């Protein structure tokens with residue numbers, strides 16, 4: 008009976024004790040956090056990039072779990088749980104740093120490649136510019152050469168013209184006015200009175216003038232003039248025919264036809280008064296005007 | 134013989150873990166650990182951890198853990214050891230967080246440079 012009473016009291020206590028021991032312990036929040044942190048590290052970037060630190064975190068968590076199983080209330084258990092948590096965080100941080108370094112390296116590589124491409128493009132443009140510059144320099148050189156040749160030719164022509172002028176000055180009056188070089192031949196030297204056929208002596212002079220003007224490539228105008236004796240119409244007609252005769256002769260001696268024109272001026276533009284014999288003789292004349300080069 | 138040795142290796146950590154749980158002074162004073170923890174703290178400070186908020190927090194925790202460990206040395210060396218180990222973990226994490234922040238800064242700069250060069 009005594010046993011029964013004792014048993015009656017003790018049995019529920021024993022059962023409660025057994026139940027209490029069998030009941031799973033609720034882990035502290037710090038341990039739950041450490042476990043979650045470890046899973047995050049293992050399944051995340053750290054698992055791929057930093058397995059060594061993940062392994063360290065695993066070992067630390069195992070130590071913390073063991074300590075909690077055996078001595079949940081020991082202060083060191085809390086420390087070990089924190090160590091496990093920090094090891095998991097360390098693995099994640101190390102992996103994040105590695106990833107950032109990889110990203111930076113990739114970006115630098117791409118930036119370097121872009122710079123190389125830009126540099127090559129700039130070099131290509133520079134080459135093109137240099138080639139274009141070379142072509143332009145050649146063209147400029149050609150132009151300078153052509154200009155020098157032209158200058159020499161012009162200088163040669165000027166010298167020839169001067170020689171021609173000296174030659175002509177021996178047989179006719181030569182002067183310069185706004186029209187160009189003016190060669191004046193007296194009418195008596197070239198024609199008989201009221202005629203427009205050239206005298207033989209005139210032809211000899213015109214031969215020398217034609218020879219001197221050969222190759223000068225200057226426009227030439229032959230003007231015929233008379234004195235004021237007779238009607239104006241007759242004088243205009245006579246002066247035109249005389250100018251035409253001289254023109255035709257010069258053309259026949261090789262002066263290009265398209266370079267020579269003729270014009271009768273009659274009694275206009277006299278050189279002297281028509282009141283004296285000398286004055287009228289001066290006014291009867293033919294002028295060969297060699298114009299400046301067009 | 135091999136089996137026996139393996140068994141010994143497996144049991145030893147378990148016994149050590151039990152010792153930690155019991156709070157005995159089975160471990161020697163943490164002189165080497167202490168020196169290593171101080172070195173870790175110094176390395177974290179030199180790496181720029183004080184300028185990175187997260188890193189600064191863990192650096193302070195490391196220093197506090199070392200202060201907490203000091204009274205236990207010679208009295209409860211096991212606790213002193215775990216606190217010193219915790220201080221090392223905090224300091225190493227502070228160092229890593231500072232390094233991570235610097236690397237991420239450099240990555241952002243490099244990516245910005247890349248965008249700029251692409252925009253030219």
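Chains as they are written, first to last, in the numbering used here: chain U, 8 to 301; chain P, 134 to 253. For glycine and all other residues, C-beta sits at the position ideal for the given N, C-alpha and C. All values derive from a computational prediction rather than experimental measurement.
Buried or exposed (CB count within 10 angstroms, at least 16 for buried), residue i
i	result
residue 178(P)	buried
residue 242(U)	buried
residue 126(U)	exposed
residue 287(U)	buried
residue 180(U)	exposed
residue 125(P)	Shown here, chain P extends from 134 to 253; a query on residue 125(P) therefore has no answer.
residue 248(P)	exposed
residue 263(U)	exposed
residue 136(U)	exposed
residue 164(P)	exposed
residue 28(U)	Because the pLDDT at residue 28(U) is just 48, under 50, the model does not fix this residue reliably, and the point stays unresolved.
residue 100(U)	buried
residue 191(P)	buried
Amino acids of chain P, ordered along the chain, whose beta-carbon sits closer than 7 Å to that of residue i
i	result
residue 101(U)	229
residue 108(U)	236
residue 68(U)	Ordered by position in chain P, no residue passes the 7 Å Cβ test against residue 68(U), which lies about 12 Å from the chain.
residue 104(U)	229, 232, 233 and 236
Beta-ladder partner(s) of residue i, from DSSP
i	result
residue 182(U)	189(U)
residue 198(U)	205(U)
residue 270(U)	230(U)
residue 294(U)	191(U) and 230(U)
Within chain P, the residues that residue i reaches when beta carbons sit closer than 8 Å
i	result
residue 94(U)	222
residue 122(U)	250
Amino acids of chain U, ordered along the chain, whose beta-carbon sits closer than 9 Å to that of residue i
i	result
residue 246(P)	114, 115 and 118
residue 226(P)	93, 94, 96, 97 and 100
residue 203(P)	Those within 9 Å of residue 203(P) in chain U number zero; the least Cβ separation is about 15 Å.
residue 219(P)	86, 87, 89, 90 and 93
7 Å Cβ cut-off: residues of chain U touching residue i
i	result
residue 208(P)	None at all; the shortest Cβ gap to chain U is about 13 Å.
residue 216(P)	86
residue 176(P)	What residue 176(P) touches in chain U: nothing, since even the nearest Cβ is about 14 Å away.
residue 172(P)	Per Cβ cutoff of 7 Å: no residues; residue 172(P) is ~16 Å from chain U at best.
residue 184(P)	Correct list: empty, because the minimum Cβ distance to chain U is about 16 Å.
Where residue i meets chain U, residues with beta-carbon distance less than 8 Å
i	result
residue 239(P)	107, 108 and 111
The ligand FMN heavy atom lying under 7 Å from the CB of residue i
i	result
residue 246(P)	Of the ligands one can find in the structure shown there are none, so the ligand FMN has no counterpart to examine.
Mind the definition here: the segment 192-203 of chain P touches the segment 217-235 of chain P only if three or more C-beta pairs lie below 8 Å; say whether that holds. yes
Could you please tell me which residues of the segment 72-83 of chain U, in chain order, have their CB closer than 7 Å to any CB of chain P? 73, 74, 77, 78, 81, 82 and 83
At least 3 beta-carbon pairs within less than 8 Å: the segment 212-230 of chain U vs the segment 178-194 of chain U: yes
Report yes or no: do three or more beta-carbon pairs, one from the segment 137-149 of chain U and one from the segment 248-263 of chain U, lie closer than 8 Å? no
Is there contact between the segment 61-77 of chain U and the segment 110-130 of chain U, where contact requires at least three CB pairs shorter than 8 Å? no
Please determine if the segment 269-282 of chain U and the segment 199-206 of chain U are in contact, where contact requires at least 3 C-beta pairs separated by less than 8 Å. no
May I ask you to verify whether the segment 51-60 of chain U touches the segment 30-41 of chain U, counting CB pairs closer than 8 Å and requiring at least 3? no
Spell out a yes or no on whether the segment 226-246 of chain P and the segment 202-213 of chain P are touching, meaning 3 or more CB-CB pairs, one atom from each, closer than 8 Å. no
Hey, is the segment 280-296 of chain U in contact with the segment 235-251 of chain U, meaning 3+ C-beta pairs nearer than 8 Å? yes
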